[in-house]
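Down below is the structure, laid out as C-alpha cells.
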Amino acid sequence: MEMGPKISRRRAIAGAAASMVLAPALRLFAAAPVKIGVLLPLSGALAREGQSCKRGADVSPELLAGLGMPVELMFGDTETNIDTARTRAEKLIADGAQALVGAFDSAHTMAVAQVCEQRGVPLIINIAAAPNITEQGFKTVFRNFATAGRLTTDGLSLIKDLFKATGLGVQKAAFLHNNDTFGQAMAGAIGKLAPTLDLPFQIAETIAYDGAARDYAVEVGRAKASGADLVMMVSHGEDAIKLIREMVKQRFEPKAIISPGSPGMYEAQFYKTLGKFGDYTVTNLPWINPKSAMSQKLLSVFTKKFPDALFEMNIGFTFEAILIAADAAKRTGGSASKAILEALPSTNIAEHVMIGGPIAFDPKGQNNNIHSASVQNRNSKPVVVFPADNAEMAPILPAPGWQAR
Amino acid sequence: MIADQIVTGLLTGLIYGLMALGLSVIFGVMRIVNFAHGEMAVVAMYGAWAAFRYLGLDPLLSLLPIAAIMFGAGYALQRGLVQPFVSRPDYMQFILLISLALILTNGALLVFGPEARGIGVDYSFDSYEIGPLLIDKVRLLAAVAAVALTALLLAFFRFTLTGKAIRAAADNRIGAQVIGLDVKKLYAVTFGIGTACLGAAGTLMSLLVDVMPRVGPELTLLSFVIVIVGGLGSMAGALAGGVLIGVAEALAGTLLQPSLKSMFSYGLLVLILLLRPQGLLGERN
C-alpha cells in the first residue's frame, strides 16, 4: 500500500496556525464592503432635508448586508454650500470612497459631479432635479431621480387625473410659489406646461412670495380675493406651514390644496405644527411604493432605528442610491471605482423601494422609470391615494372645511 | 381686501414698533447700537416657547415674567460686559455686540437645533369678523399688549424719578454726573429696560412667528430699518416707524407683488435717508 507524503507534526501545527490566521482575512476579503461616500447638506439651510436623507443612508447597511451587498458608508457634510460640497467630495475620494451618493441640491450635485468626472469615481444622485446635470455628457453620473420637467409634467397631469377620479370640479386656481431658485424654476415650467395639458381649470392668480417672510397675510388675502377654489402651492418648508395657518385665519377654504411637486406639506414639522389643519392637502411627487416588499423591509428597519421620524421620499431615494452602488459592486464581484462604473450602465433592479418601473439608466445616466403619485395627508401622515395601483387609501376631495374637521 | 391688509399691517407694525423701541431706548441714552438686538429677542421667543411647552403658560401670561428676567439679564450684561466699552470707539462696541449676536445665534443652534418651534395656543387660528373686516385674534391681542407696554414705558420716562434721571443722563452725561446721578447705574437700568422691551416684544412675536435661530439677524435688520425710518433715539418714532413699515409692506404686497414687500420697506429706508436723515420723528443734531 502506497502511503501519501508524510506530514510532520510541526508542519501540521504550522498549517493549522496559518489557516487560523488567513481564513478570517480571506473571508474578510471576500466580503469586503464597498466604500460609499454619502454627501448631504447636514447643516445650513437645507439641514432638515439633509438629515432626513441621512436617516435613509443610516438604515442601508443593515438591510443591504441581509441581501448580500455589504456597504461601508462615509459621510460628508456639504453645509448647504457649493464650495464645501466640492471639497468634501475630494476628501471622500481621497479617503477611499469607491462611489459617491448625493447631494440633494442641484447646484451642489453639479459641483460634485465635476469632481467625480475628473477622478473617475461614480456619482449616484439621490435627489437633484436640474435637467442639465445629465445633459453635460458626464460618464460617471447616474441619476435615480426625476428631472424638474418630468416632476412638473407628472405633478400637473396627476392633478387632472385626480380630479377626474374624484369627480371634483374646480374653476379657478391660485398658484402660490416661493421665489427661490427651485420655486422660480417650477413656476417657469408650470407656466409653459399648463397651457399644453388641457387642465380643467384656469390659473387666475400667480403669486410669488419671499420664502423668508415673517407671515403671509397679504399673499393669502390675494389668493382669496381671486375667487380661486384650488390652491396650487410650490413651497419649501416653513412657508407651507405659514400659508396654511393664514388660510385658516382668513377663513379661505379652497376645495383642494395641491402641490405639483415640492417639499413642505409632507414634513414632520408640518404635521406637528398644523395638526388637523394639515390634513387633506395633496402633494404630487415620486414616493415610496407602499406595496413593494423591499419598501416594507426598509420601513421595518427604519421604524426600529428611528421610531419618531417620518418615513418619506428623501429616505427612499437615498436608500435606493446606495442600493444601486452596492448592486453594481456585487455584479462586478469587486469594489473598485472602475469596476462599479462599468457595471452601472447595465443596472436593472426590478425589486426596489420607490414607485415606478425597474431602476435602469439611459445612455445619459438618467433613470426614466420613476413615476409620481398623489400623496394626501391623512391623520397627520402622508398616504398614497393615487394612482389606484399604488394607493393605500381612496382620496378625499373636496377637502372638508377648516371648522368641519 | 385692502382694508383687511391695512389693519393687519397696522397691528403687525405695532408689535414691530415695541421691538424697535428697545433699540431706540438704548441708543437714545447710551449712544450704543445694539447689534445683538434681534438675537436677544430670539432668546425671549425661546423663553416663551419653553414656558408654553413645559409649563403650559400662554405667552400673554409669560410676557411679564420674561420681560422681568430679560431686564435682569440686560442689567447684568451692561454692568459686566458693555459698560467698559461705553467710552471706547464705535467699532469696538460694534464688534463686541456682533460677537454677542453670533454667540447667541450659535448657542441657540446648539441647544434647540435649526428646526422652527411654534406656539399653538387655543386661539391660534381664530379671527374676529367685524363688518367686512376679518381681524386675526392673535395679532390683535399682541398689538393691544404692545400698545399697553409702550404707553407704560413712555409714562415711566415721563413721570418717574428714575425715568427723568435717565433722560437727564441722555441729554447731558457730564451734567448728570455733576449733580450726583449714578450714570453707570442709570445706563445699566436703561440697557435693562431696552432688553425688557425686547423680552416683551419677543414673547408677543412668538405668537405670530415660529422661533428658530436664524430669525435673530432678520429681526435685528428689521429693527434697524424701523428706528432709522422713525428716528434713532425717538421712542414715538420707533412706534411710528413700526406702523409705517407694517402698513407699507402690507400695501405693497396687496397692490404690487407680495415678493416685493421687503424691497418696498428698504426703498422707504433709502428715501428717508435721502430726504430726512434724522428719521421721521428724530431730531437733527
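Residue numbers (the numbering used here), protein chains in the order written: chain H, 1 to 405; chain X, 1001 to 1285.
Just so you know, even glycine gets a beta-carbon here, dropped at the ideal spot from N, CA and C.
Rounded straight-line distance, which links the Cα of X/LEU1208 to that of X/ALA1073: Within the second sequence, numbered from 1, the residue matching residue 1073 of chain X stands at position 73. Within the second sequence, numbered from 1, the residue matching residue 1208 of chain X stands at position 208. In a straight line, the C-alpha of X/ALA1073 is about 24 Å away from that of X/LEU1208.
Quick one: residues in its chain with C-beta nearer than 8 Å to the C-beta of H/ALA394, no 5 flanking neighbours on either side, listed in chain order? Locating residue 394 of chain H in the first sequence gives position 394, counting from the first residue. Correct list, in chain order: VAL385.
For the beta strand (DSSP E) that H/THR87 lies in, which residues bound it at each end? Counting from one through the first sequence, the residue named residue 87 of chain H turns up at place 87. First-last for H/THR87: 82-94, but that is the alpha helix (DSSP H), not the beta strand (DSSP E).
Proximity test, Cβ basis, 8 Å: H/ARG27 and chain X: Working through the first sequence from its first residue, we reach residue 27 of chain H at position 27. The predicted position of H/ARG27 is uncertain, since its pLDDT is 43 and thus under 50; a value taken from the coordinates is nonetheless stated next. Not an interface residue.
Please confirm whether H/ILE315 has its beta-carbon closer than 8 Å to some beta-carbon of chain X. Residue 315 of chain H sits at position 315 when you count from the first residue of the first sequence. Closer than 8 Å: no.
Short of 8 Å in beta carbon distance, which residues of its chain neighbour H/ALA416, apart from the five on each side in sequence? Order them along the chain. Because chain H spans 1 through 405 in this model, residue 416 of chain H falls outside it and cannot be assessed.
7 Å Cβ shell around H/TYR280 - same chain, five flanking residues per side excluded: The residue given as residue 280 of chain H occupies position 280 in the first sequence. Cβ within range, chain order: GLN376, ASN377, ILE396, ALA399, PRO400.
Just to confirm my understanding: we take H/GLU205, look at its own chain, exclude 5 residues before and 5 after, and list those with CB closer than 6 Å. What are they? Within the first sequence, residue 205 of chain H is the residue found at index 205, counting from 1. If we look at H/GLU205 and ignore the five residues flanking it on each side, its Cβ neighbours are ALA174, SER226.
Could you check where the alpha helix (DSSP H) with X/HIS1037 kicks off and where it finishes? Counting from one through the second sequence, the residue named residue 1037 of chain X turns up at place 37. Where X/HIS1037 is concerned, the enclosing alpha helix (DSSP H) stretches over 1037-1055.
Nearest candidate by alpha-carbon position, reference H/GLN388, set H/SER52, H/LYS164, H/ALA111, H/GLY37: Stepping through the first sequence from its first residue, residue 388 of chain H is reached at position 388. It is Ala, not Gln, that sits at residue 388 of chain H in the sequence shown. The candidate whose alpha carbon is nearest that of H/ALA388 is H/LYS164.
Cα-Cα, which of H/ALA97, H/THR166, H/PHE182 is closest to H/ALA107? Locating residue 107 of chain H in the first sequence gives position 107, where the first residue counts as 1. It is H/PHE182 whose Cα lies nearest to the Cα of H/ALA107.
Look up H/ALA173 in the DSSP assignment and say whether it is helix, strand or coil. For the purposes of this step, residue 173 of chain H is taken as residue 173 along the first sequence, with counting starting at 1. Strand at H/ALA173.
Any idea what DSSP makes of H/SER259, helix, strand or coil? The residue labelled residue 259 of chain H in the question sits at position 259 within the first sequence. Reduced to three states, the DSSP call for H/SER259 is strand.
Does DSSP put X/GLU949 in a helix, a strand or coil? With chain X represented from 1001 up to 1285, any question about residue 949 of chain X goes unanswered, as that position is not in the structure.
What runs of the alpha helix (DSSP H), each 4 residues or longer, lie entirely inside the segment 263-315 of chain H? 268-274, 293-305
Thinking just about the alpha-carbon of each residue, which of X/PHE1112, X/GLN1177, X/VAL1227 is nearest to the one in X/VAL1243? Stepping through the second sequence from its first residue, residue 1243 of chain X is reached at position 243. Closest option to X/VAL1243, Cα to Cα, is X/VAL1227.
Of all the options X/THR1254, X/ILE1135, X/ASP1210, which has the alpha carbon lying nearest to the alpha carbon of H/PHE207? Numbered from 1 along the first sequence, position 207 holds the residue referred to as residue 207 of chain H. Checking the sequence, you will find Ile at residue 207 of chain H rather than Phe. Comparing Cα-Cα distances from H/ILE207 to each of X/THR1254, X/ILE1135, X/ASP1210, the minimum goes to X/THR1254.
If you follow the beta strand (DSSP E) that H/TYR209 is in, where does it begin and where does it stop? Working through the first sequence from its first residue, we reach residue 209 of chain H at position 209. From DSSP, the beta strand (DSSP E) with H/TYR209 extends over 202-209.
Neighbour list for H/THR181 in chain X, Cβ cutoff strictly below 9 Å: As a working mapping, residue 181 of chain H is identified with position 181 in the first sequence. Within 9 Å Cβ-Cβ: nothing; H/THR181 doesn't reach chain X, min ~14 Å.
Taking only three categories from DSSP, how would you classify X/VAL1086? Taking the first residue of the second sequence as 1, we reach residue 1086 of chain X at position 86. It is coil, neither helix nor strand.
So which residues of chain X does H/PHE270 contact, with C-beta pairs closer than 7 Å? In the first sequence, residue 270 of chain H corresponds to position 270, counting from 1. In chain order: nothing, as chain X lies at least about 10 Å away.
What are the residues that DSSP puts in a beta bridge with H/LEU230? Here the question's residue 230 of chain H lines up with position 230 in the first sequence. Note: H/LEU230 sits in a beta bridge opposite H/ALA173, H/ALA256.
Looking at H/SER43 and H/ILE322, is the spacing between their C-beta atoms short of 8 Å? Residue mapping note: residue 322 of chain H aligns to position 322 of the first sequence, counting from 1. Residue mapping note: residue 43 of chain H aligns to position 43 of the first sequence, counting from 1. Taking 8 Å as the Cβ cut-off, H/ILE322 and H/SER43 do not qualify as a contacting pair.
Going by C-alpha distance, which of X/SER1087, X/MET1030, X/ASP1004 is nearest X/THR1190? Against the second sequence, residue 1190 of chain X aligns to sequence position 190. Checked all of X/SER1087, X/MET1030, X/ASP1004; the closest Cα to X/THR1190 is X/MET1030.
Name, please, each residue of chain X whose Cβ falls closer than 8 Å to the Cβ of H/GLU219. Mapped onto the first sequence, residue 219 of chain H falls at position 219. Simply GLY1253, PRO1258.
I want to verify the contact list: residues of chain X whose CB lies under 9 Å from the CB of H/ILE93, in sequence order. Sequence index remark: in the first sequence, residue 93 of chain H carries index 93 (1-based). Those within 9 Å of H/ILE93 in chain X number zero; the least Cβ separation is about 28 Å.
Within-8 Å CB hit, X/GLY1246 to chain H: Numbered from its first residue, the second sequence carries residue 1246 of chain X at position 246. Output row for X/GLY1246: interface = no.
Residues of chain X with CB closer than 9 Å to the CB of H/GLN250, please, in chain order. The residue given as residue 250 of chain H occupies position 250 in the first sequence. Ordered by position in chain X, the residues that pass the 9 Å Cβ test against H/GLN250 are ASP1004, SER1127, LEU1134, ASP1136.
Enumerate in chain order the residues of its own chain whose CB-to-CB distance from X/VAL1147 is below 7 Å, with the five nearest sequence positions on each side excluded. Residue numbering aside, residue 1147 of chain X sits at position 147 when the second sequence is read from its first letter. Around X/VAL1147: LEU1014.
Span of the beta strand (DSSP E), counted from its first residue to its last, around H/SER346: The sequence position of residue 346 of chain H within the first sequence is 346, counting from 1. Neither: H/SER346 is in no beta strand (DSSP E) and is coded neither H nor E.
Assigned exposure category for X/PHE1052 - 16 Cβ within 10 Å defines buried: Translated into the one-based positions of the second sequence, residue 1052 of chain X becomes position 52. It counts as buried.
Three CB pairs or more closer than 8 Å across the segment 1045-1065 of chain X and the segment 1171-1178 of chain X: no
Can you confirm whether H/PHE138, when its beta carbon is compared against all beta carbons of chain X, has any partner nearer than 8 Å? Taking the first sequence and counting its residues from 1, the one referred to as residue 138 of chain H is at position 138. Closer than 8 Å: no.
According to DSSP, simplified to helix, strand and coil, what is H/GLU62? For the purposes of this step, residue 62 of chain H is identified with residue 62 of the first sequence, where counting begins at 1. Three-state result, H/GLU62: helix.
Proximity below 8 Å, CB of H/THR152 to CB of H/ARG143: In the first sequence, the residue the question calls residue 152 of chain H occupies position 152. In the first sequence, the residue the question calls residue 143 of chain H occupies position 143. No; because the gap between Cβ atoms is not below 8 Å, this pair is not in contact.
Return the chain-ordered list of same chain residues with a C-beta closer than 7 Å to the C-beta of X/MET1070, the five sequence neighbours on each side being excluded. On the second sequence, residue 1070 of chain X is found 70 positions in, with the first residue counted as 1. Only ALA1044, THR1195, ALA1196, LEU1198, GLY1199 meet the Cβ criterion.
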